[in-house]
Amino acid sequence: MKLAELHAHLEGTAPPALIQKLADRNGLSVPDGVFETPEKFKWVDFLDFLRTYDLAASVIRTQQDYRDITYEYLVACAAEGSIYHELIVSPDHAAAVGLSDEAHYEAIAQGIDDARADTGIEARMLVVAIRNFGVERAVQIARDHAEERHPYVVGFNLAGDEAGYPPAQFREAYEIAAASGLGCTVHAGEHAGAESVREALTLPITRISHGVRAIEDPALVAEIVERGIVLEACPTSNIATRVFDSYEEHPLRKLHEAGVNLTLGSDDPPYFGCSIGGEYAVARERFGFEEGELQSITRTAVRASFADDAAKATLL
Ligand code: ES4
Ligand code: ZN
38 MKLAELHAHL EGTAPPALIQ KLADRNGLSV PDGVFETPEK FKWVDFLDFL RTYDLAASVI
98 RTQQDYRDIT YEYLVACAAE GSIYHELIVS PDHAAAVGLS DEAHYEAIAQ GIDDARADTG
158 IEARMLVVAI RNFGVERAVQ IARDHAEERH PYVVGFNLAG DEAGYPPAQF REAYEIAAAS
218 GLGCTVHAGE HAGAESVREA LTLPITRISH GVRAIEDPAL VAEIVERGIV LEACPTSNIA
278 TRVFDSYEEH PLRKLHEAGV NLTLGSDDPP YFGCSIGGEY AVARERFGFE EGELQSITRT
338 AVRASFADDA AKATLL
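This note's numbering puts the first residue of the sequence shown at 38, with every later residue one more than the last.
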């Protein structure tokens, strides 16, 4: 069984033990309020999660740190049977610790190359703008990647506070990113509803990060199917952040039955208590997906990935 994942935030893949190790190595203490226990991050709701995430990320400082996070995540995923990952990487987090974009991507690329050498896994990066840093910053990030960029940077995403910053505000950033040849996806339909997904569909995107609250509007689901938009569903993330109360309430199966092209992602695995292997297990055990359907989820992910065709051709 082969797995693939288009939706995990790189800083959000580092478990508490790795965050502690990086802090120690950098002569820092992990800020108060990051850990609930030595094994568990502490957060109470989505906005608090974003705060905790930024505090934990503040001890990730060096190229070695970014290489190690990338390597450790990909090797762990390879052990679960995964073959391909798109890692959401944040120029804002790199800038906050004084790393240039070039140094940041070179370090992550080294982690990808080392993980490939040891396990055969493949990965690429999606650069992300964080909504709550504003429209101008998002435009700047799109411009910064429009002309020259690391060859492993293949896409553009938008994350952060969806409810406070609707998708259409970021149209200019998306037009720049798409025109420059980056594949585009956007967080929508997670902490805001169908209207946010509808707005997202006016951007030049081929995928939506989450998008699952499209289920609130059947005509919108039909449009997603008709346009072949791929949803990067992260069911355990959605339960953890209370988008849905339980797996029983989650629309994964309904979206699949409506004909939506779905992929699976872990989003921020140690924060939400999940992994890519775990999400495939959840799809099988809680949502009744059969082996053939799970394999088609992986094929959808490879097809919808923003990697170049030569890289994709080696995957399936
Ligand atoms: C996110 Cl800004 C950010 N970081 C990590 N996970 C996220 N989910 C949505 N926005
Ligand atoms: Zn996400």
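Backbone N, C-alpha and C define an ideal beta-carbon position, used for all residues, glycine too.
Cβ separation of residue i and residue j, assumed to be a contact under 8 Å, to the nearest whole Å
i: I178; j: V164; result: 6 Å
i: P307; j: P128; result: P307 to P128, Cβ: 23 Å. No contact.
i: L115; j: T156; result: A small correction: the amino acid at residue 115 is Ala; Leu does not occupy that position in the sequence shown. With a Cβ gap of about 4 Å, A115 and T156 count as contacting.
i: D254; j: A231; result: 4 Å
i: I158; j: A152; result: 5 Å
Where residue i falls: helix, strand or coil (DSSP)
i: H354; result: With the chain represented from 38 up to 353, any question about residue 354 goes unanswered, as that position is not in the structure.
i: T74; result: strand
i: Y90; result: helix
i: G218; result: coil
i: V81; result: coil
i: T300; result: strand
i: Y121; result: strand
i: A160; result: strand
i: F343; result: coil
i: V319; result: helix
i: A196; result: strand
i: E42; result: strand
i: V96; result: coil
i: R244; result: strand
Proximity below 8 Å, CB of residue i to CB of residue j
i: S274; j: F326; result: no
i: H122; j: S246; result: no
i: A341; j: R235; result: no
i: E212; j: S233; result: no
i: E316; j: P272; result: yes
i: L240; j: P204; result: yes
i: E42; j: S303; result: yes
i: V71; j: L84; result: no
i: G21; j: G248; result: No information on residue 21 is available, as it lies outside the stretch 38 to 353 that the chain covers here.
i: V297; j: V319; result: no
i: T335; j: L40; result: yes
Alpha-carbon to alpha-carbon, residue j and residue i
i: Q332; j: E117; result: 14 Å
i: D69; j: K58; result: 16 Å
i: T278; j: F78; result: 13 Å
i: E48; j: I56; result: 9 Å
i: A196; j: A154; result: 31 Å
i: A175; j: H224; result: 14 Å
i: A295; j: G329; result: 17 Å
i: A338; j: T300; result: 6 Å
i: I252; j: F324; result: 16 Å
i: G314; j: G64; result: 34 Å
i: F86; j: Y103; result: 21 Å
Cβ-heavy atom distance, residue i to ligand 4, below 7 Å
i: L87; result: As presented, the structure is devoid of ligand 4, carrying ligand 1 and ligand 2 as its sole ligands.
Legend entry - contact_flag[the stretch 146-161, the stretch 188-206] where n(CB pairs < 8 Å) is 3 or more: By the Cβ rule, the stretch 146-161 counts as touching the stretch 188-206, because three or more pairs are nearer than 8 Å.
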